[in-house]
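**Q** Residue numbers (UniProt numbering): 1 to 180.
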């Protein structure tokens, strides 16, 4: 059944109302699945939202890793797209309500272990991409550069006025870091 439930629908409800105020009825209505079916499958609202959050993390990481493997794109574009799919695409949810940070843990100041584990995979893949295609000076520092770019993207998601500005600034930063 979880393959029929949209994690995005669940997380949008929580972003709007907050975890405490999101009722199982609200979540059931958002997913088109009965409240009882949600309880039968997940056991609790907490477990349901844990599943939805993990789904968001897994999907964002998979999209980011795919972006890094795009042979048609230049390294700067691949890195920027990977970081955009990891954190940038969640800007609207973050800013939709005061509860947005609850549902986009990749951009949270103190992420949970699931986010840290996924981010380690992303940073390792970014470092490999830099080692394979970066300029000579970047290759020796690939791991440090990848980590710094990831931290930069997470900060920029909070500082940029909108997603377009986030993407523009991110590409400039990635280009400048690799050129150094």
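From the three backbone atoms N, C-alpha and C, an ideal C-beta is built for every residue, glycine too.
Going along the chain, which residues of its own chain have a beta-carbon closer than 8 Å to the beta-carbon of residue 130, five neighbours each way excluded?
**A** Indexing the chain shown from 1 puts residue 130 at position 130. Only 75, 79, 138, 139, 142, 145, 146 and 178 meet the Cβ criterion.
**Q** Measure the beta-carbon distance from residue 68 to residue 82 and round it to whole angstroms, keeping in mind my assumption that it falls under 8 Å.
**A** Sequence index remark: in the chain shown, residue 68 carries index 68 (1-based). Sequence index remark: in the chain shown, residue 82 carries index 82 (1-based). For residue 68 against residue 82, the beta-carbon gap comes to about 5 Å, under 8 Å, which counts as contact.
**Q** Does the count of Cβ pairs from the region 29–46 and the region 84–100 closer than 8 Å reach three?
**A** no
**Q** Go ahead and pull the three-state DSSP assignment for residue 70.
**A** If you number the chain shown from 1, residue 70 lands on position 70. Coil.
**Q** Any beta carbon of chain C sitting closer than 8 Å to that of residue 7?
**A** The question asks about chain C, but that chain is absent: this structure has only one protein chain.
**Q** First and last residue of the alpha helix (DSSP H) that includes residue 130?
**A** Within the chain shown, the letter at position 130 stands for residue 130. Element bounds for residue 130: 113–133.
**Q** Hey, would you say residue 13 sits closer than 8 Å to residue 22, going by beta carbons?
**A** Translated into positions along the chain shown, residue 13 becomes position 13. Translated into positions along the chain shown, residue 22 becomes position 22. Yes, the pair counts as a contact, with Cβ atoms nearer than the cut-off.
**Q** Can you list, in chain order, the residues of its chain with a C-beta nearer than 7 Å to that of residue 28? Leave out the 5 residues immediately preceding and following it.
**A** Taking the first residue of the chain shown as 1, we reach residue 28 at position 28. Spatial neighbours of residue 28 in its own chain (CB-CB distance under 7 Å, excluding positions within 5 residues in sequence) are listed in chain order as 34, 35 and 38.
**Q** Could you tell me the distance, in whole angstroms, from the CA atom of residue 171 to the CA atom of residue 56?
**A** Here the question's residue 171 lines up with position 171 in the chain shown. Here the question's residue 56 lines up with position 56 in the chain shown. Rounded to the nearest angstrom, the two C-alpha atoms are 24 Å apart.
**Q** Alpha carbon to alpha carbon, what distance is there between residue 25 and residue 118?
**A** Counted from its first residue, the chain shown places residue 118 at position 118. Counted from its first residue, the chain shown places residue 25 at position 25. Rounded to whole angstroms, residue 118 to residue 25 spans 31 Å at the Cα level.
**Q** Can you tell me the Cβ-Cβ gap for residue 61 and residue 121, rounded? I've got them flagged as a contact below 8 Å.
**A** Against the chain shown, residue 61 aligns to sequence position 61. Against the chain shown, residue 121 aligns to sequence position 121. Right, the Cβ-Cβ distance comes to about 6 Å (below 8 Å), so this counts as a contact.
**Q** Buried or exposed for residue 151, going by 16 or more other Cβ atoms inside 10 Å?
**A** Counted from its first residue, the chain shown places residue 151 at position 151. It counts as exposed.
**Q** Output the distance between the C-alpha atoms of residue 15 and residue 159, rounded to the nearest integer angstrom.
**A** Position 15 of the chain shown, counting from 1, holds the residue named residue 15. Position 159 of the chain shown, counting from 1, holds the residue named residue 159. Going from the Cα of residue 15 to the Cα of residue 159 covers about 19 Å.
**Q** Quick check on residue 112: buried or exposed, where buried means 16 or more other Cβ atoms within 10 Å of its Cβ?
**A** One-based indexing of the chain shown puts residue 112 at position 112. That one is exposed.
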